[in-house]
Each structure stands twice: as C-alpha cells, then as structure tokens.
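K.L.:
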Amino acid sequence: MRKKLNLNQDWQFHLGEINKPKLLAKKSYAFGGLAAPLTNEKGDILPISAGGEHFLKLISGGHVPIGLRNLAGTELVDKLDDSWETISVPDDWKRREAFENNPATLMQGSKPDGVAYYRHTFTLASDLDEQKEYVLHFDGVMGSTDIWMNGAYLGHNESGYVSIDLDVSDLIRFADEGTNVILVRTDTTTGSEGWWYEGAGIYKNVWLEVREPVHIDQDSVLFRTLDLQSDQAKMQVQFTVVNDTDKAVEVAPKLTLTEQSISWDAVTVSAHEKSNFVKELVITNPNSWSPEHPSLYQANLAIDGDEAQTHFGIKIVKYDTKGFILNGERYELRGVCEHQDFGGVGVALNQDVIDYKIKTLKEMGVNALRSSHHFASKELLDACDRLGIILMDENRLLEATPWRLDNLRKMVKKSRNHACIAFWSIANEEIVGNTEYAKRSVKRITDIIRQLDPDKLLVSAELLNPEGIVNDDYLKYFDILGVNYPEAGVMGNGAELIHESHPDLPMMSTENASYFSTRGIYKDDGDKCQCNNFGSMYSMVLPGKRKPGDPGAGGTAHPEEVMSYLDSHSYMGGVFVWTGLDYYGEPSPFGWPGISSQFGICDLGGLPKDYYYYYQAHWTKKPMVHVMPHWNEAGLEIKNDQTKVRAFSNAEEVELFINGKSQGRQKVEDCQANWDVTYEAGTLEVKAYQAGQEVASDKRVTSGTVQDVQVAVRFEGEKHIIFELQAVDEQGLLVPMDDSLVSVECENGKIIGLTNGNPADTSSYSLKDIKLFSGKAIVIVECENLKSAKLTVKLR
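For the sequence shown, the residue numbers in our numbering are 282 to 1077.
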C-alpha cells in the first residue's frame, strides 16, 4: 500500500547566495558540495566503481576528491557553517526580512528580494522496498526554483502556485546506501507573478510518496454528478491504473463508499501502459453538497497492492441570464476574493490558519470565494469542501505557452474532484483580453479545462470599458462573462451596455468594492496610512485627500453601492468583494510606510472591521446589531460639536442611547441607521427591535488608560490556537486606541506568528513581542496538546 512520508521537519536554511551547484555535470550524479552527502554525513558523495576510482585518480594526480571536484565544478564540503539555521517548512523566508523603503518593492509588501537555499537530509528504513516507486512532492515553492538530489539536478520551476512532483525512484538511497540529500534554491530576483506580496521559499508541505509500480493515478480520480433528483443521484466515476512494470498485470478495481461497494471485471494492463476505468452508479437519497449543508462522501478505490482515498460532493451547477443555479435552485453568491497570505506568517499558512480564515468569513455570511489570482491550494480546497464555500478557482495568466498549459493541466487534475469548485476563472483583468490575439489562447485554455473537468463553469474576470465594447469571438469560449467593479462609477456603464446588446449572455460580478478602512480608526490620517471606517476621503484614482463624490473617494466603490447594485442587477449572480482580509503589499491609497492593503473586510489577522457587520446584516438571519465608532473622544472626528454614529442590523428598527438617554429610534434601511450626536463620555448603546421586541444590543464604553492585556482564544484548530490580545483599563474595558508594546511567551507551545493589523507597522518584531494596534493583536501558537498551551502577555 502507498505511504506518505512527511518531510517538513529539520531543514537547514541559508539566506543569500552560496557556491551555486551547476545545472550540468560531466558525469552521472557527480555534483558534490551541498547537493550530495557531506563528509560528516553517512554515505559516499556518489557510489564509485573500481574503474571509476581508477579514472578519477588518473585525472587528478591520484587524488579522488580532487577528481570529483573537477567533474562537478563544486567544492567538497565537510559540514555546514554557522550561516545555516534549522527550520521547519512550510516557511516564508521573506516574512523574516526587515521592511524597506524602496519603490521597487512597495507593491509586493516592501520586503527585499533575494536568494535562499533549503537543504534536507533523510534516511530510509531498511524495510522499504527498492522495487516501489518514490515521488517527491513540493506542494508549493515561491520563487524561481532549482532542485538537486543526491548529486543530480532534478529540474527547474517558475510558478509558486503549482505543485512540483518529481519521480526520484532511481535516485533514492536505501538504508546502508547512505543519506538522501535534497537541495532547493529559491530566487525572487528574477521577477514576480503578482503585484501583491507573494512571499518566498518552501511555503507549503513537502512529502515523499511511496507507491507500488502498479497503482491508481490519484489525480485521475474524478466523481461527476450526471443527474440529481431528491431520491437519487446518477454519478460517474473515472480513474486510471498505471502499470510501470515490465510485465502485463491483471487488475480488478473495487470502489467502496459508505453504503455500497462496486467492482469492475478484471482487465489486463500491458507493461508500461495505462488503463482507464469508467462506471456509472446511483446513490439513493443523496445528501447534496451546498454551503449550508457541505455533505461529503468518502470513497476508497482499491486494486491489489494499492488504494486511492478521496472524498466528493454531489452537486450540479448551472448559470443563465438570471444568475447562478445550485442543485436546481436559484442561489445568490455572497463571495469574497482572497490572496493567500496572513499576518505574521506571510504565505506559509497551515491548515488551521486557513480554516480560521474560512470560518471567520462564514460567520459574516460568506458562501463563495475566489482564489485571487492563482490556483487554490490543497488546504484551501479542503477547507472549502468541509466548511461549505463555493470556490472560483483561478488560473494565473491568460497564456497558452507550453509551460503555463502544463501547469494548468496539472492543477485542474489535482483540484477538479473537490466538491467546492463551481467555477474556473480563466484569468484576471488581462489587458490583452477581448482581443483577436487573445481568443486563440482562450480557446486552448478552455478546451483543456472542459476536457479535464466538463461539469464546471468557465468565467473570466474582465476589464471593461465605459462604452461596453467587447469581442464576441473572444467571449464565445466562456460560459459567463465576468465583470470587475460593475457598480463603480469610475468604471462607467459598460456592463449595462453589454447586457443590453447581448441579452442572452450570462454575466456575473467577479470583483467588487475595494473599500478602504483601517480597523478601529475613525479619522483619515495620511501620515499613518489610516482610513476612516465611516468612509475615507482618500481616492483610488486621484492623489491626496478628496471631496465627497470625487472619483474613487473611499475606494473603487462603497459597500452600500455594491449591495444596491446587486439588488437592481440580480442577473449578475451575486458579488465577490475585494477582499475578505487585508493582505501584504498593494498599500493603496498610500505609499511608504504602508505595507499592506486596506481593502479587507477584516484586518491582516482576521479581526473584523466595522463593515464586516454590514455584510453580516445583509447575509445572515440571526438577529444582530453592531454600533460604531468606539467612544473615546480622542479617536473621533467631531465637527461643530457633532460626531457620527452608525449601526448595522438585520432587525426592523434600532434605537441609540447615550448614557441611557435615547437619541432616536429609526427604521433600518439598507441594514443600517445613522445619527449625528453630541459627544458625551460614558456609554454608547444601540438596541435592535423586531416586531416591537428587543432582539439584540451592542455598546461601546469610554475607557481609561491601559492597565492590563486580556488573552482570549479566538480559534482552536487541530494543532494551532489563535489568541486575541486586548488592552483593557482597570475596569476591564477595551482601550481602543492603545498601541502598547507587549511581550508574549507560550508554555507548552511554540509561537509561529504575531500580527496587529496595522497597515503601516514597519517594525521588525521577534516572536516574543509586538505592539498592539487599536488595542488588539493576534498570536498564532503551534502545540500538540491544545489544552496545555498557556500564553503569558506583559505590558512593556
């Protein structure tokens, strides 16, 4: 049976260039240096025959080591020097670098580019069979990447958004043969794929797969829903069996589901050939998959000596000129776009952090996500499957180059069986889109996806023009025309003009809002890169502070404009708000010292901003109300003795109180109510009413100075806890403007990341301290026993 050996632990890391191993060698497996065992590691640099030793002596005056050096062009190394440090992966080495004031790296998060090496050694147990196959998997390495193993160059990879899968069966050393060595070089100086922070290094899992030479191709497994009725689902399963042996073999696959088993008649697979298997089956009384009920079926495919385990969901997706249809019912997409980083850990996210992000968004009412602008990771796909999020999986670029198409095929095959995927996005805002030139690339890309994954919907997130000019020969290859920011005044009426001229063309909103806000901030402050949650006067398209109504003031569009547009344009299917969380890089509307975006509905650590509750009021049914701002005078914008108060609620009415005195009861419109009031220190409270009965309340209380830091568990995963820190006064009230420096220690756990959500915090913290921002911070702890982890926080 196949095994998966985790290789995440005990890597050696070196920042900066070394004596780089060559890519070409004069003899087989002849690379020495760091690409082979060192003299203090078990095993020879390479196995050398008696004839080979004689040859090396002849070319080097009798010195075998010198002969090896001459062949490989690398120095012999006794041991690693002190410039190497021990780490584990996933790892984002850029997150440890100091921020820099450099216009060239501003959009990518103000972190310097560079070169770094990872080296890992391991030995295989003697009970492993050399007749098996060994495949080395890197789920993601960011940066231009070269990989060596056991004295040989394995290859090159450019995209950090695709996995690297290398058959190393003939390179592996077994037991007494010595140490296996993996050397990885990552380089971000050659360019980037995105205009946002992408990180660097081995930022996803590494593992060694051990399998039989006769095996099921895991990526070939696909469950399709052909028809779905309330009493039964007609399904199709397909997969491929690979025979890498020298003899023909007979296989009789068997599929085991929770309530049934299905067998195939025996088939002979010729030597070094593959056989495809397809069968239709019926599942009675099916539990269909949806965000509200993310039902998954476990499946086990088996042949003699091998098994492939997976899960699938039963669902059918369609889209017409009225919008999205899920399992036969009209369904509104309440989505967000997301980059893949997170405060404190960069792009090196584990499964628990991704689960935390998804659960935070689900609590807001989100049911869909667009993996902007790259293929979704395995961990994100798993989270969306389990927790219930419809996914739009996005191809990186609209290029039909051979290597890009190979990446596309690989990632579609790896992802397509996930229940969450409803859409494949071909590309994002390509300036070549809607041209005659691009249509050839689009045809090639869409043909590949439809061949590999025929049941998903194909869309492209397009840049439109105010005149609504499109290329029909280009659009015909998509199921849906995706439109970014159709609600925004700066984009004009292009989407509506297209709808009028192409009434039979399905259209959808693929990106919306881009609204600036800084958690806990109620005044614009350009020096601190802070945006008012009530609506910033900084613009997306014009420099400096603007006037209300100026193009792009506050962002591309305000949340209210997004929801209003959706109400009047339901045929657009829903929304995908840019973005769920803030992300490093792209610090619009500011430059340095801005280090992160401010488009997020939550900050870098997943702490909600005020408009989180606006969307929650629209998208959830449980009675709720949220009041803004905080109630400390120094942080408020007061004009003519008046300050703004806003409440978000899904109830019929809300009433505002200041120190117990009513400021007026209002009917809720667009899930909000607004007041202009005279500031008075004390208690700001809002109550929500449904049918005349109070159903929810929320309040803010003027605080004193900080006296302590409270610690609360915000999320518990399988191996990680996310703690929330809060500055409090002597009465235990949140101090909403506090920015104290605090020290953090963890007993029975390891701190792997800290973040405060400040979009302009350029400090270089250790993993033992951080400044609070708007009175809060997030700490991520890794631990084996969640209950035993204890966090100690002290004011400094």
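Each residue gets a CB set at the ideal place from its N, CA and C atoms; glycine is no exception.
(1) Take residue 723 as the anchor and find which of 689, 702 and 736 has the nearest alpha-carbon.
(2) Just verifying my parser: in three-state terms, what is the DSSP assignment at residue 889?
(3) Only counting the same chain, and skipping five residues up and downstream in sequence, which positions put a Cβ closer than 6 Å to that of residue 865?
(4) Given this structure, state the Cα-to-Cα distance separating residue 352 from residue 419, to the nearest angstrom.
(5) Report the partner residues of residue 544 according to the DSSP bridge assignment.
(6) Do residue 503 and residue 400 come within 8 Å of each other at the CB atom, strictly closer than that value?
(7) Would a C-beta distance cut-off of 8 Å place residue 603 and residue 852 closer than the cut-off?
(8) Please determine if the segment 407-416 and the segment 637-650 are in contact, where contact requires at least 3 C-beta pairs separated by less than 8 Å.
(9) Could I get the ranges of all uninterrupted alpha helix (DSSP H) runs contained in the segment 664-706, with 4 residues as the minimum, in chain order?
(10) Which stretch, first to last residue, makes up the beta strand (DSSP E) that contains residue 1052?
(11) Going straight from the alpha carbon of residue 842 to that of residue 500, what length do you get?
(12) Quick one: grab the DSSP three-state call for residue 946.
(13) Pop quiz: residue 706 and residue 676 are said to be a contact at Cβ under 8 Å. What is the actual Cβ separation, rounded to whole angstroms?
(14) Between which two residues does the alpha helix (DSSP H) carrying residue 645 extend?
(15) Apart from the five residues just before and just after residue 697, which ones in its own chain have a Cβ nearer than 8 Å to its Cβ?
(16) Quick one: what does DSSP say residue 446 is sitting in, helix, strand or coil?
(17) With distances taken between CB atoms, is the gap from residue 847 to residue 862 smaller than 8 Å?
(18) Using only alpha-carbon positions, find the residue among 553, 585, 537 and 296 that is nearest to residue 579.
(19) To test your reading of the DSSP string, which unbroken beta strand (DSSP E) runs of 3 or more residues are found completely within the segment 399-437?
(20) With a threshold of 7 Å on Cβ separation, who are the neighbours of residue 277 within its own chain once the five nearest residues in sequence on each side are excluded?
(21) Measuring CA to CA, which of 316, 381 and 334 is closest to residue 1045?
(22) Starting from residue 1152, trace the beta strand (DSSP E) both ways and give me its first and last residue.
(23) Quick check on DSSP: helix, strand or coil for residue 732?
(24) Three Cβ pairs or more, each shorter than 8 Å: is that satisfied between the segment 754-770 and the segment 738-745?
(25) Determine the direct distance from the alpha carbon of residue 1057 to that of residue 386, and round the result to whole angstroms.
(26) Nearest by alpha-carbon distance to residue 897: which of 1072, 930, 593 and 1060 is it?
(27) Is the CB-CB distance between residue 803 and residue 917 below 8 Å?
(28) What first and last residue would you give for the alpha helix (DSSP H) that runs through residue 844?
(29) Suppose contacts are defined by Cβ-Cβ distances below 8 Å. Is residue 1074 in contact with residue 1009 by that definition?
(30) Kindly list the residues whose CB is nearer than 8 Å to the CB of residue 601, restricted to its own chain and excluding five residues on each side of it in sequence; keep chain order.
(31) When you compare the CB positions of residue 455 and residue 374, do they come within less than 8 Å of one another, or not?
(32) For the 8 Å Cβ check, are there 3 or more pairs between the segment 948-968 and the segment 893-909?
(33) Taking contact to mean at least 3 C-beta pairs separated by less than 8 Å, is the segment 482-497 in contact with the segment 573-588?
(34) Roughly how many whole angstroms lie between the Cα atoms of residue 855 and residue 613?
(35) Using 8 Å as the threshold, is the segment 700-715 in touch with the segment 667-687, meaning 3 or more CB pairs across them?
(36) Could you check whether the Cβ of residue 994 sits closer than 8 Å to any Cβ belonging to chain D?
P.N.:
Short version:
(1) Per the Cα distances, 689.
(2) Looking at residue 889 - three-state DSSP - the assignment turns out to be strand.
(3) Contacts found: 390, 478, 622 and 877.
(4) Whole-angstrom Cα-Cα distance: 29 Å.
(5) Paired residues: 535.
(6) Between residue 400 and residue 503, the C-beta spacing is not below 8 Å.
(7) Against a cut-off of 8 Å, the Cβ pair of residue 852 and residue 603 comes out as a contact.
(8) Taking a contact to require three or more Cβ pairs closer than 8 Å, the segment 407-416 and the segment 637-650 do not qualify as touching.
(9) Within the segment 664-706, the complete alpha helix (DSSP H) runs of at least 4 residues are 683-696.
(10) In this chain, the beta strand (DSSP E) harbouring residue 1052 covers 1050-1052.
(11) Roughly 43 Å between the two C-alpha positions.
(12) DSSP places residue 946 in strand when its eight states are reduced to three.
(13) Contact between residue 706 and residue 676 holds: their C-beta atoms lie close to 7 Å from each other, under 8 Å.
(14) 632-645 is the span of the alpha helix (DSSP H), which, as asked, contains residue 645.
(15) Within the same chain, and ignoring the five residues on either side of residue 697 in sequence, the residues whose Cβ sits closer than 8 Å to its Cβ are 503, 733, 734 and 737.
(16) Strand.
(17) No. Outside cutoff.
(18) The option with the nearest alpha carbon to residue 579 is 537.
(19) As far as the segment 399-437 is concerned, its whole beta strand (DSSP E) runs of at least 3 residues are 414-419 and 425-430.
(20) No statement about residue 277 is possible, as the shown extent of the chain runs from 282 to 1077 and does not include it.
(21) If we check each option's Cα against that of residue 1045, 381 comes out closest.
(22) In the structure as shown, the chain begins at 282 and stops at 1077. Residue 1152 is therefore absent and cannot be evaluated.
(23) In the structure shown, the three-state DSSP call for residue 732 is helix.
(24) Under the Cβ criterion (8 Å, minimum of three pairs), the segment 754-770 counts as touching the segment 738-745.
(25) Per the coordinates, the alpha-carbon of residue 386 lies some 28 Å from the alpha-carbon of residue 1057.
(26) With distances taken between Cα atoms, residue 897 lies closest to 930.
(27) Yes.
(28) Membership of residue 844 in the alpha helix (DSSP H) is indicated by the continuous run 840-849.
(29) Cβ atoms of residue 1074 and residue 1009: not closer than 8 Å.
(30) Within its own chain, the residues whose Cβ lies closer than 8 Å to the Cβ of residue 601, once the five positions on either side in sequence are excluded, are 787, listed in chain order.
(31) Cβ distance not < 8 Å, so residue 455 and residue 374 don't count as in contact.
(32) When Cβ pairs closer than 8 Å are counted between the two stretches, the segment 948-968 is seen to touch the segment 893-909, the count reaching three or more.
(33) They touch, by the three-pair rule.
(34) The straight-line gap from Cα to Cα measures roughly 5 Å.
(35) Yes, the segment 700-715 is in contact with the segment 667-687.
(36) In the structure shown, chain D does not exist; there is a single protein chain.
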